[in-house]
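Here is the structure we will look at.
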Amino acid sequence: MSQSTPTSAIRYVTPGASRWLFDVFRYRHLLSLLLKKGTTTRYYGSVLGWTWSYVRPAAQFFMYYFMIGQVLGMQRSVELFPIYLFSGIVLLNFFGEATRAATNSITGNAALVKKIYLPRELFPVAAVGSAFIHFIPQVILLFVVCLFFGWHFTWLGLLYFAVALIILLVFTLGLGLFFGSINVAYRDAKNIIDVALMFAVWMSPVLYSHAMIRDVLPAWLYNLYLVNPVTVSVELFHSAFYRPIVPNGVPVPDYMFTNTLAGLGIAIGTLLIGQVVFRKLEGDFAQDL
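In UniProt numbering, the protein residues as written are 1 to 289.
Written out as structure tokens, the structure is:
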């Protein structure tokens with residue numbers, strides 16, 4: 001005689017609802033499939049394929065180096081400016097690519113969102129993860145170039161590298177959750193992100209040194225500039241790759257440790273806000289799509 005399952009033992013799940021980002025870990029297999037899709041289809045039909053992961057940042061680097069370094073003379077103001085520039089560009093490229101992809105991740109997977117139950121956070125997480133995978137070849141290239149200039153491994157440098165990535169990953173995912181959920185109903189969100197990323201190039205010390213902007217900004221605005229998670233991550237990347245190879249040394253921004261903690265706090269706050277907004281709006285995704 002078969003026994004029926006007690007009603008109290010049945011676990012009901014509201015279709016489309018999720019248990020925040022923790023659900024992503026329970027659906028690791030689906031996450032791996034989305035990551036595989038994002039990495040294998042990106043250059044589908046392309047002759048160069050993954051080579052574009054090197055070509056695009058290299059082209060961007062040479063453009064900025066010629067215009068900013070040579071024409072505007074930054075090469076004379078910042079020692080080993082090519083390394084300084086490239087170490088910031090690779091990080092900023094990842095930030096821009098991941099944020100754009102996460103913003104479009106829900107609308108880009110509309111068929112899955114409308115028909116299949118799965119945590120919707122999987123899509124922004126997979127978008128950021130796919131961008132990170134394409135970011136790795138650029139870091140390898142930066143690493144090889146720095147080795148040529150005498151860079152050597154230190155545990156402190158590894159710490160700078162890890163903290164920079166953690167801060168930027170958390171901040172980027174928070175922005176992706178926030179704008180990705182808003183973009184479902186209001187497609188202006190992706191355009192807002194495009195405009196914001198244009199400013200991001202100039203609002204972080206990639207094309208210039210932090211000391212240059214310190215001289216033109218009011219003290220309070222300069223302090224806000226220093227705790228921007230992107231600025232913090234770029235400066236940590238400089239400390240990991242650029243500063244160790246400069247013969248005369250390059251000073252870090254004032255209160256770097258405090259700024260790093262503040263940047264991490266802002267990144268975590270952005271992630272929490274992004275998750276709350278995502279949670280609030282995800283119930284309408286199927287209808288709005």
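Ideal Cβ positions, reconstructed from N, Cα and C, are used throughout, including at glycine.
These numbers come from a predicted model, not from an experiment.
CA nearest to the CA of residue i, picked from the options
i, options, result
"residue 238", "213, 133, 86", "86"
"residue 31", "164, 59, 152, 121", "121"
"residue 255", "210, 35, 53", "210"
"residue 249", "35, 25, 24, 78", "78"
"residue 36", "128, 110, 22", "128"
"residue 252", "108, 264, 234, 202", "234"
"residue 194", "124, 278, 102, 205", "102"
"residue 258", "106, 142, 224, 274", "224"
"residue 207", "59, 75, 29", "75"
"residue 93", "272, 70, 198", "198"
"residue 244", "286, 170, 150, 205", "150"
"residue 146", "274, 25, 271, 242", "242"
"residue 57", "134, 112, 187, 155", "134"
"residue 180", "95, 106, 97, 218", "106"
"residue 95", "119, 73, 168", "168"
"residue 231", "34, 203, 221, 216", "203"
"residue 97", "267, 176, 271", "176"
"residue 159", "38, 240, 266, 264", "240"
"residue 164", "216, 191, 91, 218", "91"
"residue 55", "34, 138, 118", "138"
Outcome for residue i when other beta-carbon atoms lying within 10 angstroms are tallied against a minimum of 16
i, result
"residue 283", "exposed"
"residue 15", "Since pLDDT at residue 15 reaches only 49, below the 50 mark, its modelled position is unreliable, and the value read off the structure follows with that caveat. Residue 15 comes out exposed."
"residue 144", "exposed"
"residue 140", "exposed"
"residue 152", "exposed"
"residue 136", "exposed"
"residue 89", "buried"
"residue 2", "Caution is warranted here: a pLDDT of 46 is assigned to residue 2, below 50, making its placement in the model unreliable, and the coordinate value is therefore given only provisionally. Exposed, by the Cβ-count rule."
"residue 131", "buried"
"residue 70", "exposed"
"residue 287", "exposed"
"residue 281", "buried"
Boundaries (first-last residue) of the alpha helix (DSSP H) holding residue i
i, result
"residue 229", "229-237"
"residue 67", "Taken as a continuous stretch (DSSP letters only), residue 67 belongs to no alpha helix (DSSP H), as it is neither H nor E."
"residue 270", "256-281"
"residue 110", "110-115"
"residue 82", "81-103"
"residue 152", "Residue 152 -> no alpha helix (DSSP H), and no H or E assigned at all."
"residue 122", "122-148"
"residue 285", "285-288"
"residue 74", "74-77"
"residue 193", "188-200"
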